[in-house]
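K.L.:
Chains as they are written, first to last, in numbering that gives the first Met the number 0: chain A, 0 to 203; chain B, 0 to 203.
There are 2 protein chains.
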Amino acid sequence: MTRRTFHRAPEGERRQELIEATLDCISEFGLKGATVRQIAIRAGVTAGLVRHYFESKDQMIAEAYRAVIASLTEKAQNVEGDPATRLREFIAVNFTEPVADSRSVSLWAAFISQVRVDPVLAEIHREGYLAFRNTLQELLSEFLAAKGRPASEEECRRYAIAINGLVDGLWVEGCLAGDLFRDGELVSIAMASVEAVLGLSIEN
Amino acid sequence: MTRRTFHRAPEGERRQELIEATLDCISEFGLKGATVRQIAIRAGVTAGLVRHYFESKDQMIAEAYRAVIASLTEKAQNVEGDPATRLREFIAVNFTEPVADSRSVSLWAAFISQVRVDPVLAEIHREGYLAFRNTLQELLSEFLAAKGRPASEEECRRYAIAINGLVDGLWVEGCLAGDLFRDGELVSIAMASVEAVLGLSIEN
DNA sequence: GAAGTTATTATACGCTTGAATAATATCGGC
DNA sequence: GCCGATATTATTCAAGCGTATAATAACTTC
Chain A
0 MTRRTFHRAP EGERRQELIE ATLDCISEFG LKGATVRQIA IRAGVTAGLV RHYFESKDQM
60 IAEAYRAVIA SLTEKAQNVE GDPATRLREF IAVNFTEPVA DSRSVSLWAA FISQVRVDPV
120 LAEIHREGYL AFRNTLQELL SEFLAAKGRP ASEEECRRYA IAINGLVDGL WVEGCLAGDL
180 FRDGELVSIA MASVEAVLGL SIEN
Chain B
0 MTRRTFHRAP EGERRQELIE ATLDCISEFG LKGATVRQIA IRAGVTAGLV RHYFESKDQM
60 IAEAYRAVIA SLTEKAQNVE GDPATRLREF IAVNFTEPVA DSRSVSLWAA FISQVRVDPV
120 LAEIHREGYL AFRNTLQELL SEFLAAKGRP ASEEECRRYA IAINGLVDGL WVEGCLAGDL
180 FRDGELVSIA MASVEAVLGL SIEN
């Protein structure tokens, strides 16, 4: 019996691979199909290694969730240009890969469904949601000011909640059943709706 | 050893109880925590009975999903009155119990997360989404006509997609973290946004 | 009220699960 | 080039999983 060959992964890299493998498994087989063994196979290692990098499977799952939130928000945070351009980009990003992807929404839903079960995941969700919404609120505040219609923080808050809801809702359905919509239809509907809600054009 | 006493449930009733117990378990423990044994305990029967009513656990889960979709949509389908009232009701219902409830969104998310895994669930989702959206589209068509601004089917379709997304998105966040919003805030934001999108008041 | 039907319980089976442990191969420092 | 440290594999374990089967208790019918 010959033992399986292997190489030691560089610092931190294996952790990342394991998290990525975890997400792959969750999106493909669901949370209950994402077993330690399945994840190990996907990562190209043996099951025992998981416990060398994480205290428990649950802890690994929680870290994987943090990675999902980060990937869903980071693209939206780092937009550049004048306020109108940034607002347009912020919206468009959600209807473009890799955010607009059935894998993303599967992961998002899988974790959402655990928010009630696991307080740790609930806290991660809450932070992610607020970060996303606050980014949007700040963006709206600048946009409205630039358009010569500055709004109170309270007003921006309401706009941010509405637009965040709109974008999220369209994002979910677009990811789940993209074939129900024409190319570019969702982003076009989103833009038009945001303009209507704000009562302003998002063009420069 | 004395055997556990029991009574025979009337036709269909036990099925319903088992489905309800399934949903309870999914919302409380997640899909992977909803085991046959847990579900049986919740329903007040023994595990073996599940297979007397359902061919398999998977089939029971699928039927449970149908029940969720039904509960989320039936409230919205059966609104009465003039078009404006019905439109207002349609929206408001989504921010009122039992639709607006963390249990509902947990169930919704749990199944959504399986859409990629299980084609049966994917089909159930698709039907439910389209039924909901088409109801809304019909409602919008009547509303716009009544307001003296009749719109083409294509226009109504776009409005329906947008408003459905908006309502869904707000519903999700409201259910997940209701404490982030003031009383009635979400329904108020939803109404205002819908009015902005349509460019019309929803009052009579 | 006895007989027949079947809903329900009880028990068992094979498999998978997350985790613990022991053996071993790889690598950095010297 | 050896040596200690540790990343990785291999193996094992008890618990829990979905399901199958057999015994039994509760109704129905006559």
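Note that the Cβ used here is the ideal one computed from N, Cα and C, for glycine as well. All values derive from a computational prediction rather than experimental measurement.
Comparing alpha-carbon positions, which option in A:V193, A:L138 and A:P149 lies nearest P82 of chain A?
P.N.:
Numbered from its first residue, the first sequence carries residue 82 of chain A at position 83. Nearest of A:V193, A:L138 and A:P149 to P82 of chain A, Cα basis: A:L138.
K.L.:
Looking at chain B, is there any beta carbon in it that lies within less than 9 Å of the beta carbon of F180 of chain A?
P.N.:
Along the first sequence, one-based indexing puts residue 180 of chain A at 181. Yes, its Cβ sits closer than 9 Å to a Cβ of chain B.
K.L.:
Closest to E10 of chain B by CA distance: which of B:E73, B:D167 and B:Y52 is it?
P.N.:
What you label residue 10 of chain B is simply residue 11 of the second sequence in a count that begins at 1. Of B:E73, B:D167 and B:Y52, the residue nearest in Cα terms is B:Y52.
K.L.:
Could you give the DSSP three-state label for K146 of chain B: helix, strand or coil?
P.N.:
The residue labelled residue 146 of chain B in the question sits at position 147 within the second sequence. Coil at K146 of chain B, not helix or strand.
K.L.:
What residue range is occupied by the uninterrupted alpha helix (DSSP H) comprising Q113 of chain B?
P.N.:
As a position in the second sequence, residue 113 of chain B is number 114, starting the count at 1. Taken as a continuous stretch (DSSP letters only), Q113 of chain B belongs to no alpha helix (DSSP H), as it is neither H nor E.
K.L.:
Looking only at C-alpha atoms, which of A:L175, A:L22 and A:T4 sits nearest to F94 of chain A?
P.N.:
Along the first sequence, one-based indexing puts residue 94 of chain A at 95. That would be A:L175, whose Cα lies nearest to the Cα of F94 of chain A.
K.L.:
Here's the rule I'm using: 16 or more other beta-carbon atoms within 10 Å means buried, otherwise exposed. How should G164 of chain A be labelled?
P.N.:
Counting from one through the first sequence, the residue named residue 164 of chain A turns up at place 165. With 16 or more Cβ atoms within 10 Å of its Cβ, G164 of chain A is classed as buried.
K.L.:
Terminal residues of the continuous alpha helix (DSSP H) containing F180 of chain B?
P.N.:
Taking the second sequence and counting its residues from 1, the one referred to as residue 180 of chain B is at position 181. Here F180 of chain B belongs to no alpha helix (DSSP H), and DSSP marks it neither H nor E.
K.L.:
Determine the extent of the alpha helix (DSSP H) in which P97 of chain A is found, giving its start and end residues.
P.N.:
Here residue 97 of chain A is taken as the residue at index 98 of the first sequence, counted from 1. P97 of chain A -> no alpha helix (DSSP H), and no H or E assigned at all.
K.L.:
What three-state label does DSSP hand H207 of chain B in the structure shown?
P.N.:
With chain B represented from 0 up to 203, any question about residue 207 of chain B goes unanswered, as that position is not in the structure.
K.L.:
When the Cα atoms are used, what is the spatial distance from R3 of chain B to E16 of chain B?
P.N.:
In the second sequence, counting from the first residue as 1, residue 3 of chain B sits at position 4. In the second sequence, counting from the first residue as 1, residue 16 of chain B sits at position 17. Going by the C-alpha atoms only, they are around 19 Å apart.
K.L.:
Look at C113 of chain A and L30 of chain A and say whether their C-beta atoms are less than 9 Å apart.
P.N.:
Stepping through the first sequence from its first residue, residue 113 of chain A is reached at position 114. Stepping through the first sequence from its first residue, residue 30 of chain A is reached at position 31. The question names Cys, but residue 113 of chain A in the sequence shown is Gln. Yes. Within cutoff.
K.L.:
On a Cα-Cα basis, can you pick out the residue from A:R115, A:A75, A:I188 and A:F142 that is closest to V98 of chain A?
P.N.:
Here residue 98 of chain A is taken as the residue at index 99 of the first sequence, counted from 1. The shortest C-alpha separation from V98 of chain A is found at A:A75.
K.L.:
If we cut at 9 Å on Cβ distances, does V114 of chain B have a partner in chain A?
P.N.:
Locating residue 114 of chain B in the second sequence gives position 115, where the first residue counts as 1. Yes, V114 of chain B lies at the interface with chain A (some Cβ there is under 9 Å from its Cβ).
K.L.:
Name the residue from B:R14, B:R50 and B:A39 whose alpha carbon lies nearest to the alpha carbon of C24 of chain B.
P.N.:
What you label residue 24 of chain B is simply residue 25 of the second sequence in a count that begins at 1. If we check each option's Cα against that of C24 of chain B, B:A39 comes out closest.
K.L.:
Since L135 of chain A contacts F89 of chain A with CB under 8 Å, what's their CB separation in whole angstroms?
P.N.:
Counted from its first residue, the first sequence places residue 135 of chain A at position 136. Counted from its first residue, the first sequence places residue 89 of chain A at position 90. Yes, L135 of chain A and F89 of chain A are in contact; Cβ-Cβ is about 7 Å, under 8 Å.
K.L.:
To the nearest angstrom, report how far apart R125 of chain A and V104 of chain B are at their CA atoms.
P.N.:
Along the first sequence, read from residue 1 onward, the residue named residue 125 of chain A stands at position 126. Along the second sequence, read from residue 1 onward, the residue named residue 104 of chain B stands at position 105. Distance between the alpha carbons of R125 of chain A and V104 of chain B: 15 Å.
K.L.:
Could you tell me whether the Cβ of G168 of chain B comes closer than 9 Å to any Cβ of chain A?
P.N.:
Stepping through the second sequence from its first residue, residue 168 of chain B is reached at position 169. Yes, contact with chain A.
K.L.:
Would you please verify whether the beta carbon of S101 of chain B is less than 9 Å from any beta carbon of chain A?
P.N.:
As a first step, residue 101 of chain B is located in the second sequence; it is residue number 102 there, counting from the start. Judged by the 9 Å Cβ criterion, S101 of chain B is in contact with chain A.
K.L.:
Can you tell me whether DSSP reads A33 of chain B as helix, strand or coil?
P.N.:
Numbered from 1 along the second sequence, position 34 holds the residue referred to as residue 33 of chain B. Reduced to three states, the DSSP call for A33 of chain B is coil.
K.L.:
Quick one: give me the first and last residue of the alpha helix (DSSP H) that S151 of chain A is part of.
P.N.:
The residue given as residue 151 of chain A occupies position 152 in the first sequence. That residue, S151 of chain A, is in no alpha helix (DSSP H); it is neither H nor E in DSSP.
K.L.:
Classify R115 of chain B as buried or exposed, calling it buried when 16 or more other Cβ atoms lie within 10 Å of its own Cβ.
P.N.:
Locating residue 115 of chain B in the second sequence gives position 116, counting from the first residue. By the 10 Å Cβ count, R115 of chain B comes out buried.
K.L.:
For the alpha helix (DSSP H) containing V92 of chain B, list its first residue and its last residue.
P.N.:
Here residue 92 of chain B is taken as the residue at index 93 of the second sequence, counted from 1. Counting along the chain, the alpha helix (DSSP H) containing V92 of chain B begins and ends at P82 to V92.
K.L.:
Return the residues of the segment 38-53 of chain B that lie within a Cβ-Cβ distance of less than 7 Å from chain A, sorted by chain order.
P.N.:
Against chain A - using a Cβ distance shorter than 7 Å - the segment 38-53 of chain B contributes no residues.
K.L.:
Could you give the DSSP three-state label for G47 of chain B: helix, strand or coil?
P.N.:
Position 48 of the second sequence, counted from the first residue, corresponds to residue 47 of chain B. G47 of chain B: helix per DSSP, three-state reduction.
K.L.:
Am I right that H85 of chain A and V78 of chain A are in contact with their C-beta atoms under 8 Å? What's the rounded C-beta distance?
P.N.:
Against the first sequence, residue 85 of chain A aligns to sequence position 86. Against the first sequence, residue 78 of chain A aligns to sequence position 79. Looking at the sequence provided, one finds Arg at residue 85 of chain A rather than His. At roughly 5 Å, the Cβ-Cβ gap stays under 8 Å, so R85 of chain A and V78 of chain A are in contact.
K.L.:
For G168 of chain B, count the other beta carbons within 10 Å of its own beta carbon; 16 or more makes it buried, fewer makes it exposed. Which is it?
P.N.:
Numbered from 1 along the second sequence, position 169 holds the residue referred to as residue 168 of chain B. By the neighbour-count rule (16 or more Cβ atoms within 10 Å), G168 of chain B is buried.
K.L.:
Taking W107 of chain A as the reference, which of A:R87, A:S70 and A:N133 has the closest Cα?
P.N.:
Position 108 of the first sequence, counted from the first residue, corresponds to residue 107 of chain A. For the residues A:R87, A:S70 and A:N133, the minimum Cα distance to W107 of chain A belongs to A:S70.
K.L.:
Our contact map puts A46 of chain B next to S192 of chain A with C-beta atoms below 8 Å; I'd like the distance itself, whole angstroms only.
P.N.:
Start at 1 with the first residue of the second sequence, and residue 46 of chain B comes out as number 47. Start at 1 with the first residue of the first sequence, and residue 192 of chain A comes out as number 193. Contact flag wrong, Cβ pair sits at about 49 Å.
K.L.:
Which of the three DSSP states is assigned to T72 of chain B in this structure?
P.N.:
Within the second sequence, residue 72 of chain B is the residue found at index 73, counting from 1. Helix, per DSSP.
K.L.:
If you follow the alpha helix (DSSP H) that R7 of chain B is in, where does it begin and where does it stop?
P.N.:
Locating residue 7 of chain B in the second sequence gives position 8, counting from the first residue. Note, R7 of chain B: premise wrong, no alpha helix (DSSP H); not H, not E.
K.L.:
Which residues bound the alpha helix (DSSP H) around L22 of chain A?
P.N.:
Here residue 22 of chain A is taken as the residue at index 23 of the first sequence, counted from 1. L22 of chain A -> alpha helix (DSSP H) spans E12 to F28.
K.L.:
Establish whether the CB of G177 of chain B and some CB of chain A are separated by less than 9 Å.
P.N.:
Within the second sequence, the letter at position 178 stands for residue 177 of chain B. By this cut-off, G177 of chain B is not an interface position.
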